[in-house]
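*Asks:*
Residue numbers (my numbering), protein chains in the order written: chain A, 1 to 395; chain B, 396 to 758.
1. When Cβ atoms are compared, which residues of the stretch 177-207 of chain A fall closer than 8 Å to chain B?
2. Quick check: what's the CA-CA separation for residue 677 of chain B versus residue 233 of chain A?
3. Contact between the stretch 687-694 of chain B and the stretch 532-545 of chain B: three or more CB pairs below 8 Å?
4. Are the beta-carbon atoms of residue 495 of chain B and residue 721 of chain B separated by less than 9 Å?
5. Assuming contact is defined by CB atoms lying nearer than 9 Å, are residue 194 of chain A and residue 140 of chain A in contact in what I supplied?
6. Under a three-way DSSP split, which group does residue 208 of chain A fall into?
7. What are the uninterrupted segments assigned as beta strand (DSSP E) that are 3 or more residues long and contained completely in the stretch 156-225 of chain A, given in chain order?
8. What are the residues of the stretch 628-659 of chain B that lie near chain A, defined by any Cβ-Cβ distance shorter than 8 Å?
9. Taking DSSP as the reference, what is the three-state secondary structure of residue 433 of chain B?
10. What did DSSP end up calling residue 126 of chain A once you bin it into helix, strand or coil?
11. Below 8 Å, is the gap between the Cβ of residue 699 of chain B and the nearest heavy atom of the ligand GTP?
12. Where do the N-terminal and C-terminal ends of the beta strand (DSSP E) with residue 263 of chain A fall, by residue?
13. Using a Cβ cut-off of 9 Å (strictly closer), state whether residue 345 of chain A contacts chain B.
14. Please go through the same chain and pick out, in chain order, the residues whose beta-carbon is closer than 7 Å to the beta-carbon of residue 374 of chain A, but skip the five residues on each side of it.
15. Is any beta-carbon of chain A found at less than 9 Å from that of residue 530 of chain B?
16. Along chain B, which residues have their Cβ under 8 Å away from the Cβ of residue 155 of chain A?
17. To which residues of the same chain is residue 63 of chain A closer than 6 Å at the C-beta, ignoring the five residues directly before and after it?
18. Give a yes or no on whether the C-beta atoms belonging to residue 336 of chain A and residue 182 of chain A are separated by under 9 Å.
19. Could you tell me the distance, in whole angstroms, from the CA atom of residue 515 of chain B to the CA atom of residue 526 of chain B?
20. By how many angstroms is the C-alpha of residue 451 of chain B removed from the C-alpha of residue 384 of chain B?
21. Taking a cut of 7 Å between CB atoms, which residues from the stretch 566-584 of chain B lie near chain A?
22. Should residue 256 of chain A be flagged as near chain B, meaning a C-beta pair shorter than 9 Å?
23. Can you say whether residue 510 of chain B is buried or exposed, counting buried as having 16 or more other CB atoms within 10 angstroms of its CB?
24. If you draw a straight line from the C-alpha of residue 569 of chain B to the C-alpha of residue 434 of chain B, how long is it?
25. For a minimum of 4 consecutive residues, which ranges assigned as the alpha helix (DSSP H) are wholly contained in the stretch 293-371 of chain A?
26. Considering just the uninterrupted stretch of the beta strand (DSSP E) at residue 50 of chain A, what are its terminal residues?
27. Relative to the C-alpha of residue 107 of chain A, which residue among A:376, A:162, A:273, A:261 is closest?
28. Exposed or buried, residue 581 of chain B, counting other C-beta atoms within 10 Å across all chains shown (16 or more means buried)?
29. Could you name the residues of the stretch 108-140 of chain A whose beta carbon sits closer than 7 Å to any beta carbon of chain B, in the order they occur along the chain?
30. Give me the Cα-Cα distance between residue 324 of chain A and residue 362 of chain A, rounded to the nearest whole angstrom.
31. Around the Cβ of residue 301 of chain A, are there at least 16 other Cβ atoms within 10 angstroms (buried) or fewer (exposed)?
32. In three-state DSSP terms, what is residue 251 of chain A?
33. Name the chain B residues that come within less than 8 Å of residue 348 of chain A, Cβ to Cβ?
34. Scan the stretch 467-485 of chain B for residues whose Cβ lies nearer than 9 Å to a Cβ of chain A and list them as they occur along the chain.
35. Exposed or buried, what is residue 237 of chain A when buried is set at 16 or more other beta-carbons lying within 10 Å of its beta-carbon?
36. Is there a Cβ of chain A sitting closer than 9 Å to that of residue 663 of chain B, yes or no?
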């Protein structure tokens with residue numbers, strides 16, 4: 001009798017332990033790889049998702065026998081609603097599979113949404129359990145959905161392209177969590193990288209190109225106020241101490257030709273000072289690089305000439321930072337440079353008193369730049385390549 | 396003691412560590428950051444005082460009345476009837492908190508992972524498991540703890556993988572707004588640390604009761620280190636954003652990514668959460684059951700376990716209509732209720748006991 005009861009209990013486990021009653025199989029899911037938000041005609045939100053087409057994944061060229069090239073690996077679908085949640089529910093009505101966000105690591109806002117303010121949309125992204133905090137955020141020029149509609153020639157999807165491009169750390173990069181921090185932070189400013197669409201190669205099919213990242217959108221509170229170019233973005237990255245594997249090309253005074261260094265690494269420190277009520281910021285840069293191209297006639301193995309090059313290198317860094325400061329601090333008056341946090345950390349009392357006026361104070365902060373630049377290695381050749389020995393300037 | 400089982404000091408520590416840390420550490424950083432902002436990590440240090448105090452009270456009482464729990468001790472100290480009132484208070488408190496933590500556990504699990512599973516099912520399954528373990532006696536619980544507590548602790552170490560994303564300078568400026576916000580932030584950790592008074596229910600089962608204080612203090616140290624560690628990681632990762640997250644630790648686990656391969660670790664958090672809460676619910680249910688049987692002087696505690704479980708399920712719904720009421724309770728009621736039961740009442744009992752003892756000694 002007792003054994004009978006135990007047996008029955010064990011049997012019932014068979015039913016429950018499999019968890020089959022509410023299984024969700026892969027072919028019931030629509031794997032979302034990226035999501036974009038556009039503004040509709042009557043101020044609605046159009047949410048577009050990029051969905052993986054599982055049949056075409058990994059089939060490569062072998063089965064793509066149909067003229068028209070390889071089968072498309074992703075498709076897009078849009079839903080329109082009064083806010084994101086509403087538009088997503090509309091979107092689900094048009095999608096026979098359940099939207100699955102686990103792999104969604106790209107969110108793109110269109111420029112007009114960014115200009116109107118992303119507070120509402122951001123709340124959804126931060127509150128909903130599905131969007132991942134490490135997802136990358138972008139702002140697109142023009143329609144955001146366009147970036148998702150593309151079919152990259154090499155990568156599986158345009159979202160993968162964006163993901164890999166940001167991994168190179170060349171441009172500015174912002175995750176959902178970092179954006180959240182910026183919007184909550186002391187400075188009341190944020191920056192989000194801008195996505196553009198690469199003009200397609202002439203021989204390529206329609207839509208066969210990639211989105212790429214160039215430039216940065218500047219936000220005051222949650223509204224985009226302007227944008228800066230890719231070059232200025234690099235300067236900003238110098239100030240933010242995010243220099244990694246940069247290529248730096250510069251002229252050496254009194255010489256023709258250009259010198260290029262890569263990889264350039266740097267340590268940047270922000271040293272805030274308040275002298276007689278005047279707010280000052282000292283940017284201390286320590287940069288190193290390796291020579292990869294020497295278009296001048298100078299012999300880089302000569303210590304004297306190398307010092308000359310190093311001087312020019314430092315001058316160039318200073319110039320980049322100054323240009324970025326003019327754009328960001330003087331023209332746009334948006335503190336995406338971390339100045340507010342630096343002052344807050346060093347001078348908490350003064351900061352508490354003055355934080356309401358930070359918007360007026362920030363453009364007036366006097367910045368001095370102190371660069372120590374050195375060139376560590378000169379590559380595989382000594383004297384400049386491609387010219388006879390006697391034309392090389394050795395001293 | 397009704398339960399003849401004996402446990403070691405280490406086993407007691409392993410029972411108590413999750414009994415404090417589970418449920419609590421998920422919301423801890425946001426509630427401390429709410430007051431203390433970037434000084435949140437100090438909150439844990441200050442609550443050490445309360446921990447040392449409750450452990451001292453519990454072990455001192457056990458020295459005076461060896462082999463007894465607080466329920467029996469209070470009858471001896473202030474007489475049968477008032478003692479029973481305090482016993483009933485302890486019983487109500489522990490069964491009420493058992494319901495509360497079951498609900499917290501279930502809210503997190505349904506809110507973040509099992510969106511469709513009914514709340515009642517998650518609660519009932521967990522309470523059923525805990526009841527079976529409690530019915531098995533203290534040795535069974537202790538052995539569960541020896542296996543599960545390391546599983547509960549290990550994932551916390553994975554937070555170190557976040558190192559490249561941590562901004563250590565978030566810790567500055569230190570104490571820029573004075574010590575007051577830090578004291579306010581201490582309200583919550585001190586309340587939870589006071590729960591260490593539950594060693595009163597385990598001391599009679601220790602195989603060497605003399606080591607009770609030592610192991611209590613070891614548990615306290617482990618808890619404090621974990622609190623500081625978790626707070627620091629959250630501060631370094633989230634900075635000013637920490638106060639605004641419901642579950643900052645969930646965010647930190649989701650943020651872990653090593654080369655884009657080793658990521659999406661929140662399921663690990665869910666696993667450790669279930670293990671930790673299993674132990675925690677066991678401990679609270681055990682305390683409720685022991686209090687109940689000792690108040691009524693029953694000869695066996697086993698028949699009471701399942702009815703207590705049902706009571707815990709009911710209490711996890713009563714008076715908690717939604718998550719914001721739960722949060723309100725944790726933020727405003729808990730910091731006063733828990734120390735009142737776990738610190739003030741035992742402290743008074745101890746003082747009365749010491750005074751009476753010195754009174755009889757003089758005679």
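Just so it is clear, CB atoms sit at the ideal spot from N, CA and C, and this is done for glycine as well.
*Replies:* With the given structure in hand:
1. 177, 180, 181, 184, 185, 186
2. What you label residue 677 of chain B is simply residue 282 of the second chain in a count that begins at 1. What you label residue 233 of chain A is simply residue 233 of the first chain in a count that begins at 1. Roughly 56 Å separates the two Cα atoms.
3. no
4. Sequence index remark: in the second chain, residue 495 of chain B carries index 100 (1-based). Sequence index remark: in the second chain, residue 721 of chain B carries index 326 (1-based). Contact flag set, yes.
5. As a first step, residue 194 of chain A must be located in the first chain, where it is residue number 194. As a first step, residue 140 of chain A must be located in the first chain, where it is residue number 140. Against a cut-off of 9 Å, the Cβ pair of residue 140 of chain A and residue 194 of chain A comes out as a contact.
6. Residue 208 of chain A sits at position 208 when you count from the first residue of the first chain. Reduced to three states, the DSSP call for residue 208 of chain A is coil.
7. 189-197, 211-220
8. 632, 633, 634, 635, 636, 639, 646, 649, 650, 652, 655, 658, 659
9. Taking the first residue of the second chain as 1, we reach residue 433 of chain B at position 38. Correct three-state label for residue 433 of chain B: helix.
10. The residue labelled residue 126 of chain A in the question sits at position 126 within the first chain. Reduced to three states, the DSSP call for residue 126 of chain A is helix.
11. The model depicted lacks the ligand GTP and carries no ligand whatsoever.
12. Position 263 of the first chain holds residue 263 of chain A. That run of the beta strand (DSSP E) goes 258-275.
13. For this step, residue 345 of chain A is matched to residue 345 along the first chain. Yes, because at least one Cβ of chain B sits closer than 9 Å to the Cβ of residue 345 of chain A.
14. Looking up residue 374 of chain A in the first chain gives position 374. Excluding residues within five positions, the ones whose Cβ falls inside 7 Å are 288, 310.
15. To locate residue 530 of chain B, count along the second chain from 1; it is residue 135. No - not a single Cβ of chain A is within 9 Å of the one on residue 530 of chain B.
16. Taking the first residue of the first chain as 1, we reach residue 155 of chain A at position 155. What residue 155 of chain A touches in chain B: nothing, since even the nearest Cβ is about 14 Å away.
17. Here residue 63 of chain A refers to the residue found at position 63 of the first chain. With a pLDDT of only 43 at residue 63 of chain A, under the threshold of 50, the placement of this residue in the model should not be trusted; the figure read from the coordinates follows. Closer than 6 Å at Cβ, skipping near neighbours: no residue.
18. Working through the first chain from its first residue, we reach residue 336 of chain A at position 336. Working through the first chain from its first residue, we reach residue 182 of chain A at position 182. Cβ atoms of residue 336 of chain A and residue 182 of chain A: closer than 9 Å.
19. Along the second chain, read from residue 1 onward, the residue named residue 515 of chain B stands at position 120. Along the second chain, read from residue 1 onward, the residue named residue 526 of chain B stands at position 131. Distance between the alpha carbons of residue 515 of chain B and residue 526 of chain B: 16 Å.
20. With chain B covering 396 to 758 only, the question about residue 384 of chain B has no answer from this structure.
21. 567, 568, 571
22. Along the first chain, read from residue 1 onward, the residue named residue 256 of chain A stands at position 256. Answer no: the Cβ-Cβ gap between residue 256 of chain A and chain B never drops below 9 Å.
23. Your numbering for residue 510 of chain B matches position 115 in the second chain. It counts as exposed.
24. As a working mapping, residue 569 of chain B is identified with position 174 in the second chain. As a working mapping, residue 434 of chain B is identified with position 39 in the second chain. Cα-Cα distance, rounded: 6 Å.
25. 303-325, 339-346, 348-354, 358-364
26. Position 50 of the first chain, counted from the first residue, corresponds to residue 50 of chain A. Run containing residue 50 of chain A: 45-52, per the beta strand (DSSP E) assignment.
27. As a first step, residue 107 of chain A must be located in the first chain, where it is residue number 107. When only C-alpha atoms are compared, the closest one is A:162.
28. The sequence position of residue 581 of chain B within the second chain is 186, counting from 1. Label assigned to residue 581 of chain B: buried.
29. 129, 132, 133, 134
30. As a first step, residue 324 of chain A must be located in the first chain, where it is residue number 324. As a first step, residue 362 of chain A must be located in the first chain, where it is residue number 362. Cα to Cα, residue 324 of chain A sits roughly 14 Å from residue 362 of chain A.
31. Against the first chain, residue 301 of chain A aligns to sequence position 301. It is exposed - the Cβ of residue 301 of chain A has fewer than 16 other Cβ atoms within 10 Å.
32. For the purposes of this step, residue 251 of chain A is taken as the residue at position 251 of the first chain. Residue 251 of chain A: strand per DSSP, three-state reduction.
33. By one-based count along the first chain, residue 348 of chain A stands at place 348. Ordered by position in chain B, the residues that pass the 8 Å Cβ test against residue 348 of chain A are 568, 571, 572.
34. none
35. Stepping through the first chain from its first residue, residue 237 of chain A is reached at position 237. It is buried - the Cβ of residue 237 of chain A has at least 16 other Cβ atoms within 10 Å.
36. By one-based count along the second chain, residue 663 of chain B stands at place 268. It does not; no Cβ of chain A falls within 9 Å.
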